[in-house]
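Below: one structure, written as structure tokens.
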């Protein structure tokens with residue numbers, strides 16, 4: 091009960107902040123169905139998990155790096171919110187937990203790149219993304235849940251990089267605190283096959299990332315078009 095209240099309170103605050111700081115430009119290609127599904131998005135900034143929670147009223151259990159769970163206060167909030175720790179030394183554990191939640195009819199969020207998208211890569215279709223890890227494909231094939239691809243576009247010139255010591259290691263934060271934030275949520279993708287078939291797993295991961303990149307590019311074009319309209323143009327910093 092407490093975890094649910096904490097999550098919903100955080101989601102409401104996230105939506106309020108997003109409206110003030112980002113004026114999010116969101117296009118939904120199809121309604122998000124209730125029940126088990128995998129939200130899979132590109133990852134241009136550290137705030138993307140927060141924005142992912144605003145896409146649906148259902149709780150989203152997001153796979154998040156263990157590094158953030160070690161940050162004071164933030165880590166506590168993530169645990170209370172029911173998110174899933176991705177341990178660098180044991181990636182299998184987080185996938186098992188995500189699969190358990192999918193089998194229980196819950197929604198799981200994942201960033202297939204496994205890291206922040208390259209800042210200097212440009213458009214997602216022109217080198218601005220990493221190749222997907224196979225975790226998203228393994229979850230889709232093992233659970234049978236649909237994958238909902240999500241393409242995000244931000245103004246990368248507004249990204250603020252921070253250096254922080256976490257657990258004795260220097261970590262880089264890629265923060266995006268204000269500016270245009272465009273999201274395109276695609277139609278659900280369904281896959282069949284065995285998780286033991288490595289070629290099929292790799293194929294599915296690449297297909298998902300390809301669709302995410304296409305949607306991110308469409309978000310980029312829509313944000314650029316919106317910026318030309320005086321009533322919707324983002325105010326210069």
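In the working numbering, the protein residues as written are 91 to 327. All C-beta atoms in this analysis are idealised placements derived from N, C-alpha and C, irrespective of residue type, glycine included. Keep in mind that this is a model prediction, so the values were computed, not measured.
Answer with buried or exposed for residue i, where buried requires no fewer than 16 other C-beta atoms within 10 angstroms of its C-beta.
i           : result
residue 163 : exposed
residue 254 : exposed
residue 180 : exposed
residue 31  : Absent from the structure is residue 31, since the part of the chain shown begins at 91 and ends at 327.
residue 39  : The requested residue 39 does not occur in the structure, where the chain is confined to residues 91 to 327.
residue 91  : Bear in mind that a pLDDT of 49 at residue 91, under 50, signals an unreliable position, so the number given afterwards is only what the model happens to contain. Answer is exposed; the Cβ neighbour count stays below 16.
Return the Cβ separation of residue i and residue j in integer angstroms, given the expectation that the two are a contact with Cβ distance under 8 Å.
i           : j           : result
residue 241 : residue 264 : Actually they are not in contact, since the Cβ atoms of residue 241 and residue 264 sit about 18 Å apart, beyond 8 Å.
residue 126 : residue 197 : 7 Å
residue 174 : residue 206 : Incorrect: roughly 18 Å between the Cβ atoms, too far for contact.
Pick helix, strand or coil for residue i, following the three-state DSSP scheme.
i           : result
residue 166 : helix
residue 305 : helix
residue 99  : helix
residue 108 : helix
residue 298 : helix
residue 252 : strand
residue 193 : helix
residue 215 : helix
residue 310 : helix
residue 139 : helix
residue 225 : helix
Do residue i and residue j have their CB atoms nearer than 8 Å?
i           : j           : result
residue 222 : residue 141 : no
residue 213 : residue 132 : no
residue 111 : residue 209 : no
residue 237 : residue 226 : yes
residue 224 : residue 291 : yes
residue 244 : residue 135 : yes
residue 302 : residue 130 : yes
Looking only at its own chain, which residues have a Cβ that is under 6 Å from the Cβ of residue i, when we skip the five neighbours before and after it?
i           : result
residue 157 : 256, 261
residue 327 : Note that residue 327 scores a pLDDT of 37, beneath 50, so its modelled location is shaky and nothing firm can be said.
residue 235 : 126, 127, 128, 192
residue 199 : 129, 142, 150, 152
I'd like the list of long-range same chain contacts for residue i, defined as Cβ closer than 8 Å, with 5 residues on each side in sequence excluded.
i          : result
residue 93 : 170, 171, 172
Answer yes or no: the CB of residue i versus the heavy atoms of the ligand GTP, is any distance below 7 Å?
i           : result
residue 193 : In the structure on display, the ligand GTP does not appear, and there are no ligands present to speak of.
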